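Data first, discussion second: the structure below is written as structure tokens.
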Amino acid sequence: MQNYYKAFMLIGFLFVAGWTAQAQTASPYVYGKTNGKYYSISVNNIKAIRVRSGDWIDGIQIVGSAKVTQLAGGRGGGMRTFTLRPGEKVVGIYGTYGRQYVTSLQFRTNRGRYSQTFGKKGGKAFSYIVRDRSYFVGFRVYAGQYMNGIQVLYRKGNSTGGGNNSFERNKVYIFSGNNYTGRRKGFKMGSYNMSQLGIGNDNLSSIRVPRGYKVVLYQDANFKGATRTIYNSLASLNSTWNNRTSSLQVMLSKGGGGGNTGNTGSVVYLNRPVNNATLDNGCTNGRNGMNWTFSWARKARASYYHLRVYRSGSANPFINEQRVRNNSYSINRRGIVANSNRFGWKWKVRAMINGRWTAWSEIRNFRVEPKNTDCGSSGASSNLGKSSYRVMFKNNSIFVVTYRLTYRVNGQKRVIKKEKKAPNWSRSFDVPANATDVKVTIRYLKQTAWAELYRQNITLRRNRCFNVKTKGLSARLSTDCR
342 MQNYYKAFML IGFLFVAGWT AQAQTASPYV YGKTNGKYYS ISVNNIKAIR VRSGDWIDGI
402 QIVGSAKVTQ LAGGRGGGMR TFTLRPGEKV VGIYGTYGRQ YVTSLQFRTN RGRYSQTFGK
462 KGGKAFSYIV RDRSYFVGFR VYAGQYMNGI QVLYRKGNST GGGNNSFERN KVYIFSGNNY
522 TGRRKGFKMG SYNMSQLGIG NDNLSSIRVP RGYKVVLYQD ANFKGATRTI YNSLASLNST
582 WNNRTSSLQV MLSKGGGGGN TGNTGSVVYL NRPVNNATLD NGCTNGRNGM NWTFSWARKA
642 RASYYHLRVY RSGSANPFIN EQRVRNNSYS INRRGIVANS NRFGWKWKVR AMINGRWTAW
702 SEIRNFRVEP KNTDCGSSGA SSNLGKSSYR VMFKNNSIFV VTYRLTYRVN GQKRVIKKEK
762 KAPNWSRSFD VPANATDVKV TIRYLKQTAW AELYRQNITL RRNRCFNVKT KGLSARLSTD
822 CR
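So in my numbering, the last spot in the sequence shown is 823, and the numbers never skip.
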């Protein structure tokens, strides 16, 4: 009987060990080379990261609450340590690598705090953002005397290893039933509109609030209507607020806290694009790029804003600008979004006020239009179709001139080209038939000539030419470009 019991315990141990190994997942890419000795270092509850480095990364070691891993890599360079503060965890790993070695590493925590840069930046940059409902546990390392390549390891669940059944300490949880029953959803600090509540509109009946946090409930969407501020967990809301919540904000109860996340009472409100909008895509002919503009309400005393644009399921954000000076941000990029990746896009903004980040704004969703939508014909051909017309720039002067063509489609501003060209140069561009506010700027030194195309005066299949001829920079709109 004892032998059966021992065999059963051994099988159980092997099963648990196998399950744990499967639960540990590696990032999809190795940053650098796979030369040298292979190391796998990980702990479940990270307290610090030690890095040996000089001009390159020599080695790395992880300190946990129960153990310290081996040093993965060489013992050269100086040893420096990034120690996590209470409540912090690593959520971002950044670095660079060259032809042979990983040249630099840097880490970011969930409190917005960055480590020093280990090594010296040089070569190709990389970054890995730990996904929601996952936590960073370590690295796979390929190294000899120096680190040749690195890969991020993470696990599902929270940093205590308890999976998703326990409550995270830095989250507020709302429930559709009394006594913390029914559907539930957890929220970190930030603002959450009706579509993000996860339990339905007007369906909140109980709430768990961890120590140090507070929640502002709003009766209407978009953070409007009557409000109630809750500082403690409530197993049952009173009759006035039971099933009455349409949006909410989670913040620190004293408006402060560790790291750079203290100014939570001053949330940024988003303007455009509206929720579930459709944004521009590029063209396979390479002429028209992706033109996106994001805007939000200006905050008093904000030194700069942090805009994050990302797609669900993607490891890295598409835009992650942390020093936006104005209350809007535009991109004009060549390239296209594949039709398989058009859906699931999101964006949010926060502000830096008095040296602290506010909570994140609400998260808005958008999709991207199919590629070649505004390109005329199929987008791959330069033949002019019924869905577009053509504008041509032609410079017959002896001066170098800058041309810039802008227009709007469905309210989105688009910039086709901004380019300085030498004399006797011409270039044509296809503009979609539904374009409005089509404008051309022609600049010679400090002189500028403006011209506008009014859509009703454009005949399809006809070229329109801006012809620059004189030193005074007069721009002439011709019926052809001969």
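Cβ atoms here follow ideal geometry from the backbone N, Cα and C, with glycine treated the same way. Small disclaimer: the values here were computed from a predicted structure and weren't measured.
Start-to-end residues for the beta strand (DSSP E) that takes in residue i
i: residue 684; result: From DSSP, residue 684 is part of no beta strand (DSSP E); its letter is neither H nor E.
i: residue 562; result: No beta strand (DSSP E) holds residue 562; DSSP gives it neither H nor E.
i: residue 513; result: 513 to 518
i: residue 643; result: 643 to 652
i: residue 474; result: Careful: residue 474 lies outside any beta strand (DSSP E) and carries neither H nor E.
i: residue 618; result: 618 to 620
i: residue 655; result: No beta strand (DSSP E) contains residue 655, which DSSP labels as neither H nor E.
i: residue 548; result: 547 to 549
Same chain, Cβ closer than 7 Å to residue i, five either side skipped, listed in chain order
i: residue 642; result: 694, 695
i: residue 475; result: 495, 496, 497
i: residue 565; result: 559
i: residue 659; result: 650, 651, 652
i: residue 719; result: With a pLDDT of 39 at residue 719, under the threshold of 50, the modelled position of that residue is not reliable, and no figure is offered here.
Cβ-based neighbour list, residue i, same chain, cut-off 6 Å, excluding 5 preceding and 5 following
i: residue 485; result: 377
i: residue 464; result: 437, 438, 439, 444
i: residue 394; result: 418, 459, 460
i: residue 598; result: Here residue 598 scores only 34 on pLDDT, less than 50, and its place in the model is too uncertain to base an answer on.
i: residue 647; result: 663, 691
i: residue 402; result: 391, 410, 412
i: residue 661; result: 649
i: residue 613; result: 636
i: residue 551; result: 510
i: residue 582; result: 569
i: residue 525; result: 514, 516
i: residue 638; result: 610
Beta-carbon contacts of residue i that lie in its chain and below 8 Å, excluding the five residues immediately before and after
i: residue 455; result: 447, 448, 449
i: residue 462; result: 437, 444, 445
Identity of the residues DSSP links to residue i by a beta bridge
i: residue 434; result: 448, 469
i: residue 673; result: 632
i: residue 571; result: 556
i: residue 494; result: 367, 479
i: residue 531; result: 591, 701
i: residue 777; result: 749
i: residue 510; result: None, per the DSSP bridge assignment.
i: residue 637; result: 611
i: residue 455; result: 449
i: residue 754; result: 749
i: residue 522; result: 518
i: residue 540; result: None; residue 540 has no bridge partner.
i: residue 662; result: 648
i: residue 706; result: 687
i: residue 484; result: 378, 488
i: residue 692; result: 646
i: residue 460; result: 445
Beta carbon of residue i nearer than 7 Å to that of residue j
i: residue 368; j: residue 388; result: no
i: residue 702; j: residue 532; result: yes
i: residue 617; j: residue 682; result: no
i: residue 772; j: residue 748; result: yes
i: residue 840; j: residue 515; result: Summary: the structure shown does not reach residue 840, with the chain confined to residues 342 through 823, and so no result is reported for it.
i: residue 609; j: residue 556; result: no
i: residue 491; j: residue 480; result: yes
i: residue 634; j: residue 529; result: no
i: residue 422; j: residue 391; result: yes
i: residue 623; j: residue 652; result: no
i: residue 673; j: residue 711; result: no
i: residue 547; j: residue 588; result: no
i: residue 700; j: residue 592; result: yes
i: residue 399; j: residue 414; result: yes
i: residue 527; j: residue 594; result: no
i: residue 645; j: residue 615; result: no
i: residue 584; j: residue 543; result: yes
i: residue 487; j: residue 379; result: no
i: residue 657; j: residue 536; result: no
i: residue 562; j: residue 534; result: yes
i: residue 698; j: residue 541; result: no
i: residue 493; j: residue 434; result: yes
i: residue 432; j: residue 451; result: yes
i: residue 519; j: residue 373; result: no
i: residue 709; j: residue 746; result: no
i: residue 625; j: residue 713; result: yes
Chain B contact for residue i (CB, 7 Å cutoff)
i: residue 540; result: In the structure shown, chain B cannot be found, because there is only a single protein chain.
Residue i Cβ short of 6 Å to the ligand HEM heavy atom set
i: residue 384; result: By its list of ligands, the structure shown contains no ligand whatsoever, and the ligand HEM lies outside what it can speak to.
| Contained alpha helix (DSSP H) runs [length at least 4] in the segment 373 to 435, N- to C-terminal order | Within the segment 373 to 435, no complete alpha helix (DSSP H) run reaches 4 residues.
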